[in-house]
Amino acid sequence: MMTTPTRSDITNAIRALGMDAVQKANSGHPGAPMGMAEMAEVLWRHHLKHNPTNPHWVDRDRFVLSNGHASMLIYALLHLTGYDVSMDDIKAFRQLHSKTPGHPEVGITPGVETTTGPLGQGLANAVGMAIAEREMARTFNRDGHNIVDHHTYVFMGDGCLMEGISHEVCSLAGTLGLGKLIGFYDDNGISIDGKVDGWFRDNTPQRFEAYGWHVIPNVAGHDSAAVDAAVVAAKKITDRPTLICCKTVIGKGSPNMGGTDKVHGSPLGDKEIAAVRETIGWKYPPFEIPQDIYDAWDAKHKGQAVEAQWNGAFAAYSAAYPELAAEFKRRMAGDLPANFAAIALALLDKSNEKAETVATRKASQFAIEAFAQQMPELLGGSADLTGSVFTNWSGTKALSAASGGNYINYGVREFGMTAIASGMALHGGFIPYHGTFLTFSDYSRNALRMAALMKLRNIAVFTHDSIGLGEDGPTHQSVEHVASLRLIPNMDLWRPCDTVEAAAAWQHAIARKDGPTCLIYSRQISPFQKRDAATIANIAKGGYVLSKEAGELKAVIIATGTEVALATEAQKTLAAQGIHVRVVSMPSTFVFDKQDAAYKTTVLPQSAPRLAIEAGITDYWRKYVGLDGVVIGIDTFGESAPAPVLYEHFGMTVEALVGAVKAL
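Sequence positions in the sequence shown follow our numbering and run 954 to 1617.
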């Protein structure tokens, strides 16, 4: 006769899977899954709107495990509720090519919404998801037709709240009044080094109240009824995000290690696991879950019913608003408008015809203007530098708690800005872009890396590149940043030289669906370069012959950005002396490297020596010029002086380039 499992048994299934998988892998973090089991059971069985048979249903609630080291918590939840995560997948925890890697990875495990592990960034992603949900609702919902109506839930620990990014994003979330963002703080007082009161004594409830959050303090995290009441109360607050502060014991159920750092990041060991089983009354061997407990967890039928109800509502919406419905589906699919190619081509033609000589940051703004007018999914922003980085356009409207818009004033929050944008990209419906000075890319670097790891369409606009920004000096002059950003796997980077290349760079960044793009622009004026139609088409290949030699080829000059103008001027000077060189503009090494060998050889023939010039670190260019080639760049920090003076000081001149070619 089948018995009905107790709520304790249902919850302890999480603890059992967590400790057994970590033990089998001989690595991992059992403490947090065991300590957050009640919080997870309450949310996932009684509040979370989701469908395990369709993890990508667009109106599902989003769940983010910001303290990603607790990955066995989400893997256990996904397995128990009916996602395509089998017991064999659980047994393969942390093994090569498994669905259950050491930290949650989006695209690897069905039901995982974002890749987490670097603490605080999952929280930032959740803020971005909540922004996207609200702005999509503001755009598409109509009276009686709430087709966008879901919550974003995020679990976080002490480590997430110690990281500086948590201050950045939670402050902004409060300012924006994100009422459908609900956070659960796992307040267990333990981190890797022990009890946190030696280094983390913040009054977290007061801190979040100061941000403008609704705070529910001192919730008994192992009392399911108390947690449930807190979630019910949180969902009633619609004008502010909510933080539910749950007092928990890390490694709950472990009689000898629970409540200590010993249970944080190491397997419990066979002896202690046996003691846990006895303590919590878990009578089953490792990786065995009774059918009645599976039945209690199974969310497939309920999820299918909820999605079917939404499908009916969307069908009614489609009948009432067919154009809006089609646009909603396009945007959530991440598809470009049908006329995108025509928009891009018109911009390229216009840029070539106008032949404007401007700073490339201004050229970038021209491109934003052209695309944003016809692409409402472009959601811009800046870290308090809009008037300098030119990420706005004529139709810019800043969103706020009270009204929607297409632009976010992030404030001075570069790291948070980038991770929030990733959250918006993960949610769907938007192509986020955001801007700051290139030198401040250091602040956002780990979020850029995570965007690349997750293959997100997240566009970073970095202006004031190199020493060309002038008098602000070495603190603001980027010499190593372009090279370091090029080293991030799957990170595309463009450093255009004029309006045409700037337009091509934006076209590529918007169209790219498998990773982020950094667009690098100058403060100083950069001369327009004349091209024919075939040359313009080759910009899309990342590197191309901008200006051919008139006679026998003696050398190839490779340049990017503002240094392209130095190369073309040097070419003219050398030609007058009977020395014929080719100028190759290479705005994107990433894209150029993807071209076939035949094309690359036509651009960079083996028959001629090569020289590269870029106002930054020289080492990166060795792979293009070879050991016998020459690189003109800057391998020191900058100086404070007007840009022309600095270019002269650092030898970034036509004369220096001419001399180097002759010596080569």
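All C-beta atoms, glycine included, are put in the ideal place defined by N, C-alpha and C.
- By the Cβ-count criterion, residue 1139 is buried, with 16 or more other Cβ atoms from all chains shown falling within 10 Å of its own Cβ.
- Note: residue 1500 is bridge-paired with 1536 in the DSSP secondary-structure output.
- Assignment of beta-bridge partners to residue 1109 by DSSP yields 1138.
- One thing to note: residue 1497 has its Cβ no nearer than 8 angstroms to the Cβ of residue 1437.
- Taken through DSSP and simplified to helix, strand or coil, residue 1445 comes out as strand.
- Unbroken beta strand (DSSP E) stretches of 3 residues or longer found wholly inside the region 960-1031: 1015-1018, given in chain order.
- By the Cβ neighbour-count rule, residue 1397 is buried, with 16 or more other Cβ atoms within 10 Å of its own.
- Rounded to whole angstroms, the gap between the alpha carbons of residue 1052 and residue 1062 is 5 angstroms.
- Here residue 1152 is exposed, its C-beta having fewer than 16 other C-beta atoms within 10 Å.
- Ranked by how close their Cα comes to the Cα of residue 1147, the residues 1378, 1591, 1212 and 1464 have 1212 in first place.
- Look at residue 1387 here: in three-state DSSP terms it is strand.
- For residue 1056, the three-state secondary structure derived from DSSP is coil.
- The C-alpha of residue 1426 lies about 14 angstroms from the C-alpha of residue 1433.
- One alpha carbon belongs to residue 1224, the other to residue 1141, and they sit about 24 angstroms apart.
- CA-CA distance, residue 1615 to residue 1479, rounds to 25 angstroms.
- Beyond the five residues adjoining it in sequence on each side, residue 1031 comes within less than 6 angstroms, by CB distance, of 1038 and 1064 in the same chain, given in chain order.
- In this structure, residue 1617 sits near residue 1508, with a CB-CB distance shorter than 8 angstroms.
- Note on geometry: alpha-carbon atoms of residue 1201 and residue 1175 lie some 6 angstroms from one another.
- For residue 1517, same chain residues with a beta-carbon under 8 angstroms away, outside a window of 5 residues either side, are 1450, 1451, 1479, 1482, 1499, 1536 and 1538 in chain order.
- Beyond the five residues adjoining it in sequence on each side, residue 1564 comes within less than 8 angstroms, by CB distance, of 1508, 1509, 1510, 1511, 1578, 1582, 1583, 1584, 1585, 1610, 1613, 1614 and 1617 in the same chain, given in chain order.
- In this structure, the alpha-carbon of residue 1081 lies about 41 angstroms from that of residue 1237.
- As the crow flies, the alpha-carbon of residue 1349 is around 44 angstroms from that of residue 1050.
- In this structure, the straight-line span from the alpha carbon of residue 1302 to that of residue 1554 is close to 28 angstroms.
- For residue 1547, no alpha helix (DSSP H) encloses it, and the DSSP letter there is neither H nor E.
- For residue 1362, the secondary structure class from DSSP, reduced to helix, strand or coil, is strand.
- Contact check for residue 1130 and residue 1041: beta-carbon distance about 45 angstroms, past the 8 angstroms limit, so the pair fails to qualify.
- Spanning the alpha carbons of residue 1215 and residue 1203 requires a straight line of approximately 10 angstroms.
- At a Cβ-Cβ threshold of 8 angstroms, residue 1105 and residue 1079 count as neighbours.
- The three-state secondary structure of residue 1174, taken from DSSP, is coil.
- Secondary structure at residue 1479: strand, using DSSP grouped into helix, strand and coil.
- With a cut-off of 8 angstroms on Cβ pairs, the region 962-969 is in contact with the region 1017-1036, counting three or more such pairs.
- Under the 8 angstroms Cβ criterion, the region 1249-1266 does not count as touching the region 1018-1025, having fewer than three qualifying pairs.
- Measuring C-alpha to C-alpha distances from residue 1424 to each of 1598, 1485, 1070 and 975 identifies 1598 as the nearest.
- For residue 1314 against residue 1343, the beta-carbon gap comes to about 5 angstroms, under 8 angstroms, which counts as contact.
- Burial of residue 1477 is indicated by the presence of at least 16 other C-beta atoms within 10 angstroms of its C-beta.
- A direct Cα-to-Cα measurement between residue 972 and residue 1588 gives close to 51 angstroms.
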